[in-house]
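Asker:
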Amino acid sequence: MAKDSTDRTILLVDQDHDFLEWATKHLQAKGLNILRCDQADKALKVVAKTEVDVVVADLQLQPFDGLDLLSGIREASPATLFILTTGFPSTGQVIEATQKGAHDVLKKESLAFELRPVVESALQIADDRRVAGAAEEIEPPRTEGRIKIIGVSRSLQEVFKVVGRVARSDAPVLVSGESGTGKELVAKAVHEYSPRRQQDFLAINCGAIPENLLESELFGHEKGAFTGAIARRPGRFEQADGGTLFLDEIGEMPLSVQVKLLRVLQDGTFSRVGSNETQTADARIVAATNRNLAEEVAKGNFREDLYYRLNVVEVRLPPLRERPEDIPLLAEFFLQRITRKNGMARIRLSAEAIGILQHHDWPGNVRELENTISRACALASSTVLLPADINLTTAPGRPESEIREMVDGLIDALPSEGAQAWLRAQFAGRLLDRHDGDLKSAASALGVTAAEFKKWL
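Under numbering that gives the first Met the number 0, the first residue of the sequence shown carries the number 0, and numbering increases by one thereafter.
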């Protein structure tokens, strides 16, 4: 029997009965039927006999988990939208859930703020589908990816979801982000969760190879094509045939090579250096850059047509300073890896040391954090890392005095004294944290007296 357009149904699935009670009250609304159950097999039975618009299910269920429930529900009712909830979702869980067709993956701790708007969004999609008479019928394939990207922040979870969606296709992907954010890891995740995962993943840094050799590295060369070419050599495109080719620092690629790369993206053909013979290769392209390619196009440093060919799907990696909640997890991951690799005793971070790490700006991002932890482990005098063991510096070429000049300029530009006082206090507090609360040390770094510095706080 057709469902009335105002009659909508959601199903809550969780072993925690207190959560079910809270979620029911939190989501209740006119014209909304809310069903509840505490086991995955019961949920499948409900969906089999009731038209359910949205399912909100926990990952940890019995007798099978939320991911298997997602697969079962999509098979039984392809039109039903699925929202997965979990305490600390891993990279693989978010990507696999997205590939299986989950509408969203939410952390339990954020449900008070996110559950209602996400459910309302899903219900609106269900309404639109009902009006159009359309629903997705195909279940995305299960994958066995192995790439582990550490983080539980909302911004990083969004990256995982994009990776889960785009990995199924062959569309070019452009990964953007500052140096050290982990762009190659994202590229590997795209490959590992794609149908190409059984083939090769090859990487090439376009900024590390001289212009006269980059073309040969990409497309190969014939014997005698140039001095030193003593034999025919296949390029990365041929080697990555059927797999994925990662072009790192694509913004550094010379214009002359950009033209040939554009041809490959357009029709999949190229020629080795020193040959007129046309070659073909089926390599999925993932490119990465820490530059703003749109600005490089405007400056004439990057071809506009190539930019649009590469930027079919963009994945933006957030800098570490925008996701401080991920810093303790990353630091612990690096600690375990470093101590295990070097056969060292177990080392842990004190709460104070974690606070120092979370208040740093990390201009070098995840790479800088890893180096900081590695250095702290090498110099540690005990099995607990304290603030004194965390040696943090400002960005290269940016002494504290120069940073102060920058902040002074920002302060002067603010319209009110209240806003100026707030910014001074923020800057002074950050600087004081970097100097482990030592007022004299922080004041000395600024070239002012301790009394003058205290006025900023």
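By construction, the Cβ of each residue, glycine as well, lies at the ideal position given by its N, Cα and C atoms.
These numbers come from a predicted model, not from an experiment.
1. Between Y192 and G223, is the Cβ-Cβ spacing less than 8 Å?
2. Count the C-beta pairs between the region 96 to 104 and the region 6 to 24 that are closer than 8 Å, then say yes if the count reaches three, no if not.
3. Measuring straight from C-alpha to C-alpha, what distance separates E157 and T97?
4. Answer yes or no: do R271 and E210 have a C-beta to C-beta separation smaller than 8 Å?
5. Between the C-alpha atoms of E216 and E276, what's the straight-line distance to the nearest angstrom?
6. Which residue wins for smallest C-alpha separation from V185, given the options F81, L246, L60, D126?
7. Near E351, which residues of its chain fall below 7 Å by C-beta distance, leaving aside the five closest residues on each side in sequence?
8. Nearest to N289 by CA position, among A344, N204, L10, is which residue?
9. Please check the pair N310 and E177, which I expect to be a contact at CB under 8 Å, by giving their CB distance rounded to whole angstroms.
10. Start and end of the beta strand (DSSP E) containing S274?
11. Out of curiosity, what's the CA-to-CA distance linking A280 and L264?
12. Could you check the C-alpha separation between Q357 and L34 for me, to the nearest Å?
13. When the Cα atoms are used, what is the spatial distance from L456 to L391?
14. Between which two residues does the alpha helix (DSSP H) carrying T545 extend?
15. Taking Cβ to Cβ, would you say L155 is nearer than 8 Å to R322?
16. State the Cα-Cα distance for the pair A202 and A188, rounded to the nearest angstrom.
17. Counting C-beta neighbours from all protein chains within 10 Å, is the total for W361 16 or more, i.e. buried, or is it exposed?
18. Name, in chain order, the residues that DSSP records as bridge partners for I9.
19. According to DSSP, which residues form a beta bridge with I82?
20. Are the beta-carbon atoms of V174 and V314 separated by less than 8 Å?
21. Kindly indicate which three-state DSSP category H220 falls into: helix, strand or coil?
22. Do V383 and R345 have their C-beta atoms closer together than 8 Å?
23. Only counting the same chain, and skipping five residues up and downstream in sequence, which positions put a Cβ closer than 6 Å to that of A230?
24. Whose C-alpha, out of C376, E324, R308, is nearest the C-alpha of I337?
25. For the alpha helix (DSSP H) holding D40, just list the boundary residues, first then last.
26. Using the C-alpha atoms, what's the distance from D437 back to G242?
27. Hey, how far is the Cα of P62 from the Cα of L422?
28. Assign S76 to buried or exposed, taking buried as 16 or more other Cβ atoms, counted over all protein chains shown, within 10 Å of its Cβ.
29. Mind checking which residues open and close the alpha helix (DSSP H) that includes I372?
30. Suppose the cutoff is 7 Å on Cβ atoms and the five residues either side in sequence are ignored; what does the same chain contact list for L328 look like?
31. With a threshold of 8 Å on Cβ separation, who are the neighbours of P171 within its own chain once the five nearest residues in sequence on each side are excluded?
32. Are N32 and R7 close, meaning C-beta to C-beta below 8 Å?
Answerer: In this structure, then:
1. no
2. no
3. 10 Å
4. no
5. 17 Å
6. L246
7. L385, P386
8. N204
9. So it is not a contact: roughly 18 Å between Cβ atoms.
10. Element bounds for S274: n/a, residue is neither H nor E.
11. 10 Å
12. 41 Å
13. 22 Å
14. Lying before the first or after the last residue shown, residue 545 is absent from the chain, which here runs from 0 to 456.
15. yes
16. 13 Å
17. buried
18. I33, V53
19. V55, D103
20. yes
21. strand
22. no
23. K222
24. C376
25. 39 to 48
26. 54 Å
27. 54 Å
28. buried
29. 364 to 378
30. I149, G150, V151
31. L264, R283, I284, V285, A286, R308, L309, N310, V311, V312
32. yes
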